[in-house]
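Novice: Can you read through this structure? Questions will come right after.
2 protein chains.
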Amino acid sequence: MTTSTLPVPDFTARIAERARRMNASAIREILKITQEPDVISFAGGLPAPELFPIEDVRRATDAVLTRYGAAALQYSTTEGHLPLRRWIAGRAGIEPQNVQIVTGSQQGLDLLGKVLIDEGDVVLVESPTYLGALQSFQPYGPRYVQLPTDDHGIDVGALEAVLKAQPAKLLYAIPNFQNPTGRTLSLERRRRLVELTAQYGVLVIEDDPYGKLRFTGEELPGLYDLALEMAGDPEHSHVIYCSSFSKTLVPGLRDAWLQAATPIIGKVVQAKQGADLHTPTLNQMIVTELVDDVMPRQIEIVKRAYGERARDMVAKIGEHLPAGIHHTTPEGGMFLWVTLPEGIDTQPMLARAVVRKVAYVPGTPFFALGGGANTMRLSYSSATPEQIDTGLKALGETIREVLT
Amino acid sequence: MTTSTLPVPDFTARIAERARRMNASAIREILKITQEPDVISFAGGLPAPELFPIEDVRRATDAVLTRYGAAALQYSTTEGHLPLRRWIAGRAGIEPQNVQIVTGSQQGLDLLGKVLIDEGDVVLVESPTYLGALQSFQPYGPRYVQLPTDDHGIDVGALEAVLKAQPAKLLYAIPNFQNPTGRTLSLERRRRLVELTAQYGVLVIEDDPYGKLRFTGEELPGLYDLALEMAGDPEHSHVIYCSSFSKTLVPGLRDAWLQAATPIIGKVVQAKQGADLHTPTLNQMIVTELVDDVMPRQIEIVKRAYGERARDMVAKIGEHLPAGIHHTTPEGGMFLWVTLPEGIDTQPMLARAVVRKVAYVPGTPFFALGGGANTMRLSYSSATPEQIDTGLKALGETIREVLT
Numbered sequence: 001m002t003t004s005t006l007p008v009p010d011f012t013a014r015i016a017e018r019a020r021r022m023n024a025s026a027i028r029e030i031l032k033i034t035q036e037p038d039v040i041s042f043a044g045g046l047p048a049p050e051l052f053p054i055e056d057v058r059r060a061t062d063a064v065l066t067r068y069g070a071a072a073l074q075y076s077t078t079e080g081h082l083p084l085r086r087w088i089a090g091r092a093g094i095e096p097q098n099v100q101i102v103t104g105s106q107q108g109l110d111l112l113g114k115v116l117i118d119e120g121d122v123v124l125v126e127s128p129t130y131l132g133a134l135q136s137f138q139p140y141g142p143r144y145v146q147l148p149t150d151d152h153g154i155d156v157g158a159l160e161a162v163l164k165a166q167p168a169k170l171l172y173a174i175p176n177f178q179n180p181t182g183r184t185l186s187l188e189r190r191r192r193l194v195e196l197t198a199q200y201g202v203l204v205i206e207d208d209p210y211g212k213l214r215f216t217g218e219e220l221p222g223l224y225d226l227a228l229e230m231a232g233d234p235e236h237s238h239v240i241y242c243s244s245f246s247k248t249l250v251p252g253l254r255d256a257w258l259q260a261a262t263p264i265i266g267k268v269v270q271a272k273q274g275a276d277l278h279t280p281t282l283n284q285m286i287v288t289e290l291v292d293d294v295m296p297r298q299i300e301i302v303k304r305a306y307g308e309r310a311r312d313m314v315a316k317i318g319e320h321l322p323a324g325i326h327h328t329t330p331e332g333g334m335f336l337w338v339t340l341p342e343g344i345d346t347q348p349m350l351a352r353a354v355v356r357k358v359a360y361v362p363g364t365p366f367f368a369l370g371g372g373a374n375t376m377r378l379s380y381s382s383a384t385p386e387q388i389d390t391g392l393k394a395l396g397e398t399i400r401e402v403l404t
Numbered sequence: 001m002t003t004s005t006l007p008v009p010d011f012t013a014r015i016a017e018r019a020r021r022m023n024a025s026a027i028r029e030i031l032k033i034t035q036e037p038d039v040i041s042f043a044g045g046l047p048a049p050e051l052f053p054i055e056d057v058r059r060a061t062d063a064v065l066t067r068y069g070a071a072a073l074q075y076s077t078t079e080g081h082l083p084l085r086r087w088i089a090g091r092a093g094i095e096p097q098n099v100q101i102v103t104g105s106q107q108g109l110d111l112l113g114k115v116l117i118d119e120g121d122v123v124l125v126e127s128p129t130y131l132g133a134l135q136s137f138q139p140y141g142p143r144y145v146q147l148p149t150d151d152h153g154i155d156v157g158a159l160e161a162v163l164k165a166q167p168a169k170l171l172y173a174i175p176n177f178q179n180p181t182g183r184t185l186s187l188e189r190r191r192r193l194v195e196l197t198a199q200y201g202v203l204v205i206e207d208d209p210y211g212k213l214r215f216t217g218e219e220l221p222g223l224y225d226l227a228l229e230m231a232g233d234p235e236h237s238h239v240i241y242c243s244s245f246s247k248t249l250v251p252g253l254r255d256a257w258l259q260a261a262t263p264i265i266g267k268v269v270q271a272k273q274g275a276d277l278h279t280p281t282l283n284q285m286i287v288t289e290l291v292d293d294v295m296p297r298q299i300e301i302v303k304r305a306y307g308e309r310a311r312d313m314v315a316k317i318g319e320h321l322p323a324g325i326h327h328t329t330p331e332g333g334m335f336l337w338v339t340l341p342e343g344i345d346t347q348p349m350l351a352r353a354v355v356r357k358v359a360y361v362p363g364t365p366f367f368a369l370g371g372g373a374n375t376m377r378l379s380y381s382s383a384t385p386e387q388i389d390t391g392l393k394a395l396g397e398t399i400r401e402v403l404t
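Residue numbers (the working numbering), protein chains in the order written: chain A, 1 to 404; chain B, 1 to 404.
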């Protein structure tokens with residue numbers, strides 16, 4: 001037995017091909033730059049922490065530990081805490097067997113990618129789309145096709161042309177107050193999207209973390225609701241629904257869920273067994289304790305606050321940003337999207353913005369196949385009126401500097 | 001817009017190839033059969049819930065919510081709660097950058113599979129090995145090679161022959177009180193295993209959920225410790241260490257960790273971003289609150305209880321089971337392994353055992369490539385003396401019935 005130095009391992013050579021396709025999240029790297037304390041950051045997408053129902057979580061934890069005792073801290077089933085699955089199923093008009101609890105929506109997307117995407121499968125995504133979904137799907141080797149969008153979401157005429165041109169496995173969409181644009185898909189387009197994808201045999205993943213946070217306008221049925229209504233049965237629906245308690249309660253408990261036909265749920269259960277056995281037991285019980293009384297109240301509080309902040313930000317864009325700039329006007333959620341004149345690149349501009357003590361996320365990372373150099377995402381969810389005023393003034397100055 | 005019925009989707013045709021390789025856990029299906037209330041089950045592998053420090057968890061949650069407020073319920077970093085990473089690193093003699101928090105060891109195994117295993121890569125496993133690891137790795141398409149074992153763990157002579165015969169990517173091993181056998185790898189073999197794998201350029205995943213639960217015999221250095229000592233630096237170690245707070249505190253919080261060189265940790269961070277963003281914030285803070293005072297006390301309580309139960313089970317095997325049966329005598333952990341005479345198949349025998357109100361897990365599912373028809377795993381961790389006596393009497397009768 002020797003204690004001499006071992007050969008130095010060549011780790012790079014041992015990384016799997018799929019992991020070579022992974023990159024550090026562009027946003028994550030940007031957030032690091034912009035986290036200096038005196039920078040006003042519209043870059044993050046964090047729910048407003050000052051609104052969190054901390055005392056309710058404390059009370060719920062206490063109640064759950066008293067009621068369930070050791071069972072709250074023991075291993076539990078992969079499918080999830082049955083009372084929580086029942087509550088979700090009841091609200092959606094489906095059965096608990098159509099509901100799977102996941103550790104954050106992000107895990108829902110990862111498991112769906114694992115279960116559905118073969119190397120080279122065509123996955124249709126909005127242009128732009130949620131960066132985290134691209135990250136979840138990426139290791140499974142999808143071939144992305146970007147769907148053109150406008151202020152009412154996906155262009156369904158263009159969708160039909162894309163479906164005619166090639167077979168696709170999946171369409172991934174965020175119909176309500178999309179991340180990153182804040183746009184909402186119109187009702188007419190929702191119906192057409194559901195019909196077209198059913199007709200062409202394409203499964204749809206509807207990602208809906210913000211749906212309950214509508215602060216203006218009329219609530220619209222989701223893609224899952226429409227497919228359920230048209231198909232008449234959750235077992236015949238080609239739409240898979242993904243949502244979360246992160247924006248309606250708190251994100252740090254990591255409680256979210258999927259709704260789908262049982263052949264999909266069954267495979268997701270098997271994938272989740274290998275991925276993390278189950279979502280933490282205590283956390284699922286805490287959420288169950290809060291959904292009936294605290295969550296509706298919390299949703300009202302959050303909607304009011306985000307609505308005020310969104311209106312404020314839209315007003316200050318008008319006041320402080322130069323003319324000729326396009327922005328979305330969200331009806332809910334946490335984000336809006338700004339399009340600057342062609343020729344401006346928001347990625348190098350970020351350094352100048354940070355010098356002026358303001359930060360945003362450049363738009364390009366949200367495009368699966370690139371583009372959108374002149375776009376940016378702004379989050380208003382955790383900004384004060386002073387930050388919105390000062391930050392947008394600084395952003396306006398930055399843009400004027402680049403334009404001259 | 002029509003509301004006619006949509007075409008029924010063909011879900012089976014849309015499941016990805018990797019997901020077709022997934023199966024429902026054999027154990028999970030067995031546990032369903034054996035969960036009738038009057039069956040004495042040695043099948044589960046659950047930590048004893050009557051020992052859980054429920055009041056400590058309540059107090060810790062309270063303290064954490066008071067100290068951190070909203071930050072305990074907000075999104076947090078993918079790498080994990082820094083004070084917890086520091087604590088783990090300090091104990092291991094490494095840096096926090098070598099530590100990644102994961103949502104249960106199971107997630108650690110899944111992320112390592114995702115980051116390291118290319119389709120067709122040779123993965124060396126003990127024969128038998130932990131079923132959950134096989135489930136985690138399976139979607140990534142490994143080619144398993146089974147390493148022969150005896151009562152002192154992996155046969156390192158046979159390992160050398162295997163390494164000479166073919167290039168391998170990974171060796172997965174549980175050196176302490178292995179699941180399912182309860183066996184411990186001897187010190188001499190540990191050293192040889194670390195040297196051989198380093199020499200042949202094979203990465204090692206050391207899975208160590210039970211290491212702190214040694215109730216008899218002398219503590220041995222882990223493979224990670226030995227590699228660190230021999231390599232002199234965590235950045236040069238080819239061993240990746242995986243452990244958990246599930247057996248030393250409680251499993252339901254799903255807190256575990258990996259230790260590895262930074263090129264591995266870096267890729268795991270990227271994979272985890274797509275997999276679940278981060279492990280629940282509150283849960284990591286609760287565990288951090290408990291590691292210094294509660295956990296050492298808890299480990300003593302659990303060791304004492306499991307030690308008594310293991311000795312009791314070994315005694316009752318001698319008393320109630322027919323002669324000619326081999327069993328392991330664990331020095332820690334939660335399981336022991338019984339080998340019946342050749343020709344007996346413990347899978348069909350289980351139905352007879354359940355009729356006699358006792359249950360175990362047949363051994364075959366723990367073999368990556370099959371085998372072990374005459375073996376079974378018994379768990380003593382959550383059994384009372386009465387259950388051990390009555391259950392083993394019933395098991396003895398079942399075996400005698402099959403032997404005649």
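Note that the Cβ used here is the ideal one computed from N, Cα and C, for glycine as well.
Just so we're clear, the structure is a prediction, and the values are computed from it rather than from any experiment.
Considering Glu126/B, what are the terminal residues of the alpha helix (DSSP H) in which it resides?
Specialist: Start at 1 with the first residue of the second sequence, and residue 126/B comes out as number 126. From DSSP, Glu126/B is part of no alpha helix (DSSP H) but of the beta strand (DSSP E) over 122-126.
Novice: Excluding the 5 residues flanking Glu160/A on each side, which residues of the same chain have their C-beta closer than 6 Å to its C-beta?
Specialist: Translated into the one-based positions of the first sequence, residue 160/A becomes position 160. So the list reads Leu196, once near-sequence residues are dropped.
Novice: Rounded to the nearest angstrom, what separates Asp389/B and Gly396/B at their Cα positions?
Specialist: Taking the second sequence and counting its residues from 1, one reaches residue 389/B at position 389. Taking the second sequence and counting its residues from 1, one reaches residue 396/B at position 396. Taking the straight line from one Cα to the other gives about 11 Å.
Novice: Around the Cβ of Leu226/B, are there at least 16 other Cβ atoms within 10 angstroms (buried) or fewer (exposed)?
Specialist: Reading the second sequence from its first residue, position 226 is the one you call residue 226/B. Burial call: buried.
Novice: For Val302/B, tell me which candidate among Pro49/B, Leu31/B, Glu29/B has the shortest Cα-Cα distance.
Specialist: Residue mapping note: residue 302/B aligns to position 302 of the second sequence, counting from 1. Cα-wise, what sits closest to Val302/B is Pro49/B.
Novice: Checking contacts by CB at 7 Å: is Met334/A closer than that to chain B?
Specialist: Translated into positions along the first sequence, residue 334/A becomes position 334. It does not; no Cβ of chain B falls within 7 Å.
Novice: According to DSSP, Tyr144/A sits in a beta bridge with which residue or residues?
Specialist: Translated into the one-based positions of the first sequence, residue 144/A becomes position 144. Tyr144/A pairs with Val123/A.
Novice: Would you say Phe11/A and Pro96/B are within 7 Å of each other, going by their C-beta atoms?
Specialist: One-based indexing of the first sequence puts residue 11/A at position 11. One-based indexing of the second sequence puts residue 96/B at position 96. Contact: no.
Novice: Could you compute how far the alpha carbon of Val156/B sits from the alpha carbon of Pro234/B?
Specialist: Taking the second sequence and counting its residues from 1, the one referred to as residue 156/B is at position 156. Taking the second sequence and counting its residues from 1, the one referred to as residue 234/B is at position 234. When rounded, the distance between both Cα atoms is 24 Å.
Novice: Going by alpha carbons, who is nearest to Pro209/A out of Glu218/A, Pro180/A, Gly232/A, Pro348/A?
Specialist: Working through the first sequence from its first residue, we reach residue 209/A at position 209. It is Pro180/A whose Cα lies nearest to the Cα of Pro209/A.
Novice: Do three or more CB pairs link the stretch 372-385 of chain A to the stretch 321-336 of chain A at distances below 8 Å?
Specialist: They touch, by the three-pair rule.
Novice: For a quick check, are the C-beta atoms of Ala261/B and Gly108/B less than 7 Å apart?
Specialist: For this step, residue 261/B is matched to residue 261 along the second sequence. For this step, residue 108/B is matched to residue 108 along the second sequence. Result no, Cβ atoms of Ala261/B and Gly108/B do not sit closer than 7 Å.
Novice: Could you tell me which chain B residues have their CB closer than 7 Å to the CB of Tyr11/A, listed as they occur along the chain?
Specialist: Taking the first residue of the first sequence as position 1, residue 11/A is located at position 11. The question names Tyr, but residue 11/A in the sequence shown is Phe. The contacting residues are Ala261, Pro263, Ile264.
Novice: Identify the contact partners of Tyr75/A in chain B, using a Cβ-Cβ distance below 7 Å as the criterion.
Specialist: To locate residue 75/A, count along the first sequence from 1; it is residue 75. Correct list: Leu46, Pro251, Gly252.
Novice: In the DSSP output, which residue or residues are listed as bridge partners for Gln259/B?
Specialist: For the purposes of this step, residue 259/B is identified with residue 259 of the second sequence, where counting begins at 1. DSSP output for Gln259/B lists Val99/B, Tyr241/B as bridge partner(s).
Novice: Let me confirm a value: Ala133/A is counted as buried when at least 16 other C-beta atoms fall within 10 Å, else exposed. Which label applies?
Specialist: Taking the first residue of the first sequence as position 1, residue 133/A is located at position 133. With 16 or more other Cβ atoms within 10 Å, it is buried.
Novice: Any idea if His326/A is buried or exposed, counting beta-carbon neighbours within 10 angstroms, 16 or more meaning buried?
Specialist: Along the first sequence, one-based indexing puts residue 326/A at 326. Per the 10 Å Cβ criterion, exposed.
Novice: Can a CB atom of chain B be found closer than 7 Å to the CB of Asp207/A?
Specialist: As a working mapping, residue 207/A is identified with position 207 in the first sequence. False, the Cβ-Cβ gap to chain B never drops below 7 Å.
Novice: Going by the DSSP bridge assignment, what does Gly153/B pair with across the sheet?
Specialist: Counting from one through the second sequence, the residue named residue 153/B turns up at place 153. Gly153/B is bridged to Asp150/B.
Novice: Helix, strand or coil, according to DSSP, for Ala173/B in the structure here?
Specialist: Reading the second sequence from its first residue, position 173 is the one you call residue 173/B. The answer is strand: DSSP assigns Ala173/B an E or B state.
Novice: The alpha helix (DSSP H) spanning Arg14/A covers which residue range?
Specialist: By one-based count along the first sequence, residue 14/A stands at place 14. Taken as a continuous stretch (DSSP letters only), the alpha helix (DSSP H) holding Arg14/A covers 11-14.
Novice: From the DSSP output, in three-state form, read off Ile264/B for me.
Specialist: Along the second sequence, read from residue 1 onward, the residue named residue 264/B stands at position 264. If DSSP states are grouped into helix, strand and coil, Ile264/B belongs with the helices.
Novice: Compare the C-alpha of Val338/A against each of Asp56/A, Arg58/A, Gly363/A and name the closest.
Specialist: Working through the first sequence from its first residue, we reach residue 338/A at position 338. Taking only the C-alpha atoms, the option nearest Val338/A is Gly363/A.
Novice: For Ile40/A, which residues from the same chain have a beta carbon less than 8 Å from its beta carbon, with the 5 sequence-adjacent residues on both sides left out?
Specialist: Numbered from 1 along the first sequence, position 40 holds the residue referred to as residue 40/A. Same-chain partners within the cutoff: Lys357, Val358, Ala359, Ala383, Gln387, Thr390, Gly391, Ala394.
Novice: For Val250/A versus Leu112/B, is the C-beta spacing smaller than 7 Å?
Specialist: Within the first sequence, residue 250/A is the residue found at index 250, counting from 1. Within the second sequence, residue 112/B is the residue found at index 112, counting from 1. Cβ atoms of Val250/A and Leu112/B: not closer than 7 Å.
Novice: Answer yes or no: does any C-beta atom of chain B fall closer than 7 Å to that of Gln107/A?
Specialist: Against the first sequence, residue 107/A aligns to sequence position 107. With 7 Å as the cut-off, Gln107/A counts as an interface residue toward chain B.
Novice: Please name the residues in the stretch 289-312 of chain A whose beta-carbon is closer than 7 Å to at least one beta-carbon of chain B, in chain order.
Specialist: Of all residues in the stretch 289-312 of chain A, none has a Cβ within less than 7 Å of some Cβ in chain B.
Novice: Keeping to the same chain, check which residues put their C-beta closer than 8 Å to that of Pro47/B; ignore five residues upstream and five downstream.
Specialist: Taking the first residue of the second sequence as 1, we reach residue 47/B at position 47. Counting only Cβ-Cβ distances below 8 Å, and skipping sequence neighbours, we find Ser246, Lys247, Val250, Pro251, Val302, Met334, Ser381, Ser382.
Novice: Within 10 angstroms of its Cβ, does Val204/B collect 16 or more other Cβ (buried), or is it exposed?
Specialist: Residue mapping note: residue 204/B aligns to position 204 of the second sequence, counting from 1. That one is buried.
Novice: Measure the alpha-carbon distance for Pro37/B versus Val354/B and round it to whole angstroms.
Specialist: Taking the second sequence and counting its residues from 1, the one referred to as residue 37/B is at position 37. Taking the second sequence and counting its residues from 1, the one referred to as residue 354/B is at position 354. Taking the straight line from one Cα to the other gives about 11 Å.
Novice: Would you list the residues sitting across from Ile205/B in a DSSP beta bridge?
Specialist: Your numbering for residue 205/B matches position 205 in the second sequence. Ile205/B is bridged to Tyr172/B, Ile240/B.
Novice: Among Arg400/A, Arg352/A, Pro385/A, which has the Cα closest to the Cα of Ile33/A?
Specialist: Stepping through the first sequence from its first residue, residue 33/A is reached at position 33. Among Arg400/A, Arg352/A, Pro385/A, the Cα nearest to that of Ile33/A belongs to Arg352/A.
Novice: I think Gly104/B touches Leu277/A, with their Cβ atoms under 8 Å apart; what is that distance to the nearest whole Å?
Specialist: Within the second sequence, residue 104/B is the residue found at index 104, counting from 1. Within the first sequence, residue 277/A is the residue found at index 277, counting from 1. 6 Å between Cβ atoms; contact.
Novice: DSSP beta-bridge partners for Met376/B?
Specialist: Along the second sequence, read from residue 1 onward, the residue named residue 376/B stands at position 376. Paired residues: Val338/B, Pro362/B.
Novice: Three or more C-beta pairs under 8 Å: does that hold for the stretch 277-287 of chain A against the stretch 120-132 of chain A?
Specialist: Counting Cβ pairs under 8 Å, fewer than three are found: no touch.
Novice: If you compare alpha carbons, which of Gly232/B, Arg297/B, Lys316/B is closest to Ile94/B?
Specialist: Taking the second sequence and counting its residues from 1, one reaches residue 94/B at position 94. Measuring from the Cα of Ile94/B, the nearest candidate turns out to be Gly232/B.
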